[in-house]
Every structure is written in C-alpha cells, then in structure tokens.
Amino acid sequence: MALVAVNDLHKSFGDLEVLKGIDLEIEAGEVVSVIGRSGSGKSTFLRCLNQLEHHDWGTIHLADQRLDGGAMSPGELSQNVGMVFQSFNLFPHKTVIENVMLAPVVVKQTPRAEARQIAEQMLDKVGMLEKIDAYPAQLSGGQQQRVAIARALAMQPKVLLCDEVTSALDPELVGEVLHVLESLAAEGMTLILVTHEMKFARDVSHRVVFMHHGHIHEAGDPQTLFTQPKTPELSQFIASIL
Amino acid sequence: MTDFTLWDIVRNLLLAGRWTVVLSLIAFAGGACVGLMLTLLRMGGLWPIRWLVRLYVDLFQGTPLLMQLFLAYFGAAVLGFDISAWTAASVALTLFTSAFLCDIWRGCVEAVPSGQWQAARVLGLNYLQSMRHVILPQALRLAVPPTVGFSVQVIKGTALASVIGFVELTKAGTMLNNAAFAPFTIFALVALGYFILCYPLSRYARYLERKLYGAGSR
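Chain order of the listed sequences is A and B. Per the numbering used here, the first sequence starts with residue 75, numbered consecutively. Per the numbering used here, the second sequence starts with residue -14, numbered consecutively.
Below you can see the structure in the form of structure tokens.
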C-alpha cells in the first residue's frame, strides 16, 4: 500500500491549466525528486499535496485517508504533511526554539516542556542546537533553512515536502542543507523534493519524476533516467542543465 | 484695555493647553479602539462589511476635519441633539483618527510577507492563531512608528476644535489676543506650545523607525 496516492490531479489558474492529470504513488520511506523546467507545474503539484493550493479535480490519499477537499483540517494536515519553503519563512520575531515549538504548542497542544524536548531533538538532528536562542536574522541562509526543516519535523509529519529548498542559498551553503536531507532520507523519512540540484536528485533519491507541461512526462530510478532518457524532452532538459 | 504681562499670557495658555492635551488623548485613545475594530473587520469580515469600512475610511480621509467638526456640532443640533463642544470635538476627532489609523494598520498587516501566512498555515495554525502568533506581532512592530507619527496630526487637529467654541490652546490664544492685542507674541507662543507637544513625538517616531529598519530584521 502506497503512503501517498495521487489520482488524476488537475489544477488551473484561470485559463492556464497547470496540472493536467497527475497520477503518482509514493511508498513510505521513499525519496522522490520532482524535476522539470520552471512552469512545468512541479511547485503547484507540491503545493496541492498539502492543500496550499486547492486542485480542481482528482484525489489525494495519505495512508488510505482522504487528504484533499477539506477532508482534513489544517491542524490534521500539518501532522501528516510537512513543508519547507524556498524562502525559509521563519518567524522573524521568534527565536529558533520558539519557531520550532510554536506549532506543537498551539496546534497539537503539547505541554511546553515536552514541546521543548521535541524541538531540541529536531534542532539537534539538523545541527542547530547551539543556536537555540538566536533570532532568524542572526543566522545564515543555510542555518535558517535547517531550522525551517526542524520546525516542519516538530509536527512529526509522515511526509516532508521540500520546495526548491536550496535555490535561495549561496552556493557554499547548499551542502549543509542537502546533508540534512540526506540524513533524513537515511533515517527513512518520506521526502518529496522539487529541486534543481541534479546531483542530489541522482545520488539520494530513489525515484525521479520529470514534469513537462503539467504532465508526468517520465519517471524512474535516477540512474536510468539520467543516463538513458526515453523522451526527447527529458534529454533536452538534462542537456540544458548539465 | 487691561495690561497683560507676558506671564499672564503664558499662564493662561498653559491652562488652556491642558485641554489640548486631554482632547488629543481622548481622540487618540478613542480613535485607536475604533480603528483597531475597523482594521480587524476590514481584514477578516464579509465583503459588505469590508466595503462599508472602506467607505467610512474614504469619507473621513476625503473631507476636511473642519467640516467633520461642523457636522458633529451643528449637525447634531439640527437633528435635535444638544451636545457640548466637548462631546462634538471628542466624537469628530475620534472618528477622524480611527479612519486614518485603520488605514495605517491595514497597511501594516498587509506588509507582513505572504510567506508568513503560508508557513503558519502549513504548520496547521488557523486564521486566528496565525493572526495572533505570527502576523499581528510583526504588524505591530511595523505599526508603531507611523502610529506615533500620526499622533502629531491628531494634536494639531485639535486646534480646529477652537472654531466650535472649545477652549483649548488656539481658542485661548484668540481670546487673549482680543483682550491684549499682541498677536505676534501670543500666536508665536501658541505655535511654540504645539511644537513642544509635537516635536518629541516626531523625534520619537523617527527614532523608532530607525530602530525598526536599522536592526536589519531581514
């Protein structure tokens, strides 16, 4: 049984059809990279998975439970699907630990002491334990993104969505964030990443999905996909980024 | 004509200046309460409510404060309400202040980047929780400098209450001048009075602004 099951997903913005029927099943513990040109619908797809965008047609199931169409409240959703953004979106008026503790305390109503323990655990996981009382503005981009990952993990989601999480980072800071994702993958976390880091997609993910014009154009294990693309669109895309 | 010493003039102006301060405080406190309610209604309410709030704000921003004072004072009388200059001035200035503060504060809430809403939503916070824990604390920080800055406009606005017979700094100046006829001295002192009230506030607003934007929060 797949952990995430997406069925015939359609989404339009006005006259522009961005997703034209996406079918995808993802197993627990799987790491899936979604690649494709900008405008191919990969970010929209990701945002549908946690209902930041509401799709027009199709269904999304998580562990056999309907997730879309208001079947889950935002509170329930956040405990199933976590998300990390390109621009971090940490809360600038809160310290690192407060950022990570906020949702468990407010949404899950976890007692503060327990929430703090969980937060410290997560911050340790991303190597940010020593910056616990810093404000986001005092951190580098890479550090902020690692805190954002810890914040998402603190809700103990079943799936973590990563929307181009290294795109806003200086090149020398990309590695530390990818390293964290790699260790999460090694721990068995289910990850769905929209990414431009092809090396990462190839080395860490179990499956790569190539999106083109709102369809899944090609998908498969990274070795085969990158070395023997079946479609001219994918070979062109690979050629353009290498 | 009686002889007025400079001290007589200053003393009388100071006494009347109290009422400028009190009226400013009433207008500001009242305006802040009404303004906060309007801001929340405008951000979250149904569209007819939002539309009404916008109309209210546009009306008070698009007409002179002097006319608002006339309408509050004489208009109320025409409608059969016998209200004092005190009440009329307080009501008119409160409404005037609330319209401007509502607009300033709405701008501050909207200035919080949409990524903050999204992050809160993804973490499972609902509208009120997002407002309370994520958006308002940031909007509040943004709002302090322009709000303090606007209080200067309120203080100067109270001068207009003199035309409906409310005895504050300006009205006292006019009355003293009728008796002492020393317009230059008297009105210079009146102006100085306003300056003493307003200048620290503008300085404070500027300081807050520097502190806010200089801290490099982003």
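Don't be surprised by glycine CBs; every beta carbon is placed ideally from N, CA and C. Values in this document were obtained by computation on a predicted structure and should not be read as measured data.
query                                                                                                                     : result
Counted within 10 angstroms of its Cβ, other Cβ atoms place D237/A as buried (16 or more) or exposed                      : buried
Buried versus exposed, by CB contacts within 10 Å (16 or more), I266/A                                                    : buried
Inter-residue Cα distance where the pair is N81/A and Q310/A                                                              : 28 Å
Neighbourhood of S107/A by C-beta distance below 6 Å, restricted to the same chain and skipping five residues each side   : L267, T269, A275, S279, V282
Terminal residues of the beta strand (DSSP E) in which T79/A lies                                                         : Checking the sequence, you will find Ala at residue 79/A rather than Thr. Its beta strand (DSSP E) spans residues 78 to 87.
C-alpha distance - E204/A paired with V175/B, whole-angstrom precision                                                    : 58 Å
Cβ of L121/B within 8 Å of any chain A Cβ                                                                                 : no
Inter-residue spacing [alpha-carbon to alpha-carbon] between A1/B and V97/B                                               : 42 Å
Contacting positions in the segment 78 to 92 of chain A - beta carbon closer than 9 Å to chain D                          : Of the protein chains in this structure, namely A and B, none is chain D.
Buried versus exposed, by CB contacts within 10 Å (16 or more), E292/A                                                    : buried
Start and end residues, alpha helix (DSSP H) containing D198/A                                                            : 186 to 199
Test item: CB-CB of R27/B and V38/B under 8 Å                                                                             : yes
CB contact flag (L258/A, V251/A, <8 Å)                                                                                    : no
Contacting residues, own chain, Cβ-Cβ under 6 Å from A190/B (five flanking each side not counted)                         : P130, V133, G134
Segments of 4+ residues assigned as alpha helix (DSSP H) that fall wholly inside the segment 18 to 59 of chain B          : 32 to 46, 50 to 55
At least 3 beta-carbon pairs within less than 8 Å: the segment 202 to 222 of chain A vs the segment 165 to 178 of chain A : yes
Beta-carbon neighbours of N163/B, restricted to chain A and to distances below 8 Å                                        : Chain A residues near N163/B: none, gap ~55 Å exceeds 8 Å.
Cut-off 7 Å between Cβ atoms - residues of its own chain near F13/B, not counting five sequence neighbours on either side : T82, S136, V139
Residues within the segment 108 to 137 of chain A neighbouring chain B, beta-carbon criterion of under 7 Å                : N124, L126
Secondary structure of R111/A, DSSP reduced to three states                                                               : coil
C-beta atoms of R106/B and S115/B nearer than 8 Å                                                                         : yes
In DSSP terms, what T133/A is bridged to                                                                                  : N81/A
Closer than 8 Å to chain A by CB, Q53/B                                                                                   : no
The segment 68 to 80 of chain B / the segment 36 to 55 of chain B touching (three or more Cβ pairs under 8 Å)             : yes
Alpha carbon of M154/A to alpha carbon of V78/A, nearest angstrom                                                         : Before going on, a small fix: residue 154/A reads as Asn here, not Met. Those two C-alpha atoms are separated by around 10 Å.
Contact with chain B by S161/A, beta-carbon distance below 8 Å                                                            : yes
Between the CA atoms of R190/A and L197/A - distance to the nearest angstrom                                              : 10 Å
Where L151/A meets chain B, residues with beta-carbon distance less than 7 Å                                              : G109
Residues of the segment 177 to 188 of chain A with Cβ closer than 7 Å to any Cβ of chain B, in chain order                : A177, V180, V181
Straight-line gap, G29/B to I(-6)/B (C-alpha atoms, nearest Å)                                                            : 51 Å
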